[in-house]
Ligand code: ATP
């Protein structure tokens, strides 16, 4: 039986993950769901972000369904690094997929009439760049303090993410970097971009600097199919694209290694400390992440059915308040699940 490791973790994650599981069950998913205690309470008690016995289980799972990590009581970056970044890095989940699809015109902040066509995918490099934690602080606490944060880019890492983007593009791949200012890393990205693009002559290609890409995403997001970029730019641009389709509550993501099949699916949002615990967080980002998970596991029809049910609930106005509705987190889960049972 397919084993899904469930890690709701903290804050909003604890509220949205049960709704995603409810929807998966309503869609007929026959998975063995195993939930593990990886959260701030556990960390504060033991000092271990992920206990050793849990790590072994996570390595063995067919996929991980993840909520969000973070807690006001835990200020040190070691917790975030020890949970989410460790999973991404050590399971080598080098592809971060962040799709943005507009399910209803009323959710877009843009005025254009043709925004309905927003349906793009950000393919973000997930294991390198500025997020590897290399660097340090020198002469800390003095007026002469120096802080260095290294931007790691490898031939293998850059090449494999570009290859992946070409594999999933329908119309066009747009590569986004800042090679005019970040010349060393940028030169490697440019070199491999040209090399990989040459192997895929049938796919249209375009290059944009990240500042121009941000502008174009607001000017006309319907022009984009697949955007491939590094860790930092992918993180930033995908918050922008989330806002174009209805906000943080609705955006899903997947972290995958296409070679090993290992994967982790999570909403783009974090723990939403400002609204968590009140039954008002939107579970759609987590539900759509679950739909991405079943697609990754080969169950295309089920994935399409879940997406269809989400679209129908949104269009009927059966949403949380961030999307203009008045339902609770649980009621939105019920609204989507009901459509799958009918
Ligand atoms: P963290 O430190 O865990 O990343 P954060 O506050 O930095 O938390 P998010 O949790 O992503 O970042 O929240 C950003 C904003 O989006 C907040 O105003 C939050 O209330 C809102 N938000 C996040 N998730 C949801 C959700 N599921 N439903 C509705 N609003 C949300």
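Numbering (the numbering used here), first residue to last: 891 to 1232.
Ideal Cβ positions, reconstructed from N, Cα and C, are used throughout, including at glycine.
- Task: Pick helix, strand or coil for residue 1090, following the three-state DSSP scheme.
- Result: coil
- Task: Check the C-beta distance from residue 1043 over to residue 1075 and give it rounded, since I have them as a contact under 8 Å.
- Result: 4 Å
- Span of the beta strand (DSSP E), counted from its first residue to its last, around residue 893: 893-899
- Message: Once DSSP output is grouped into helix, strand and coil, what is the label at residue 937?
- Response: coil
- In chain order, which continuous runs of the beta strand (DSSP E) of length 3 or greater are located wholly inside the stretch 946-977? 953-958
- Item | Identity of the residue in 1222, 1150 and 1173 nearest residue 1141 by Cα | 1173
- Message: Please state the DSSP three-state secondary structure of residue 1126.
- Response: helix
- Item | According to DSSP, residues forming a beta bridge with residue 943 | None; residue 943 has no bridge partner.
- Consider the C-beta atom of residue 901 and the heavy atoms of the ligand ATP; say whether any pair is separated by less than 7 Å. yes
- Message: Taking 8 Å as the cut-off, does the stretch 939-954 touch the stretch 910-930 (at least 3 CB pairs, one atom from each stretch)?
- Response: yes
- Query: Is the stretch 1153-1167 close to the stretch 954-967, with three or more CB pairs under 8 Å?
  - Reply: yes
- Query: Taking three-plus beta-carbon pairs below 8 Å as touching, is the stretch 960-974 in contact with the stretch 994-1002?
  - Reply: no
- residue 1144 (DSSP reduced to helix, strand or coil): strand
- Message: Output needed for residue 1200: all residues of its chain with C-beta closer than 8 Å, excluding positions within five of it in sequence on either side, in chain order.
- Response: 993, 1174, 1177, 1178, 1181 and 1226
- Buried or exposed (CB count within 10 angstroms, at least 16 for buried), residue 917: buried
- Message: Cutting at 7 Å between CB atoms, please list the residues of its own chain near residue 1038, excluding the five before and the five after it.
- Response: 1025 and 1026
- Query: Do residue 1037 and the ligand ATP come close, with the Cβ less than 7 Å from some heavy atom?
  - Reply: no
- Message: For a test of the three-state rule: what should DSSP assign to residue 1223, helix, strand or coil?
- Response: helix
- Task: Using the Cα positions of residue 1214 and residue 908, report the straight-line distance between them to the nearest angstrom.
- Result: 22 Å
- Note the first and the last residue of the continuous beta strand (DSSP E) segment covering residue 1153. 1153-1157
- Task: Please name the residue in 933, 935 and 910 whose C-alpha comes closest to that of residue 923.
- Result: 910
- residue 1082 to residue 1052 span [Cα, whole Å]: 8 Å
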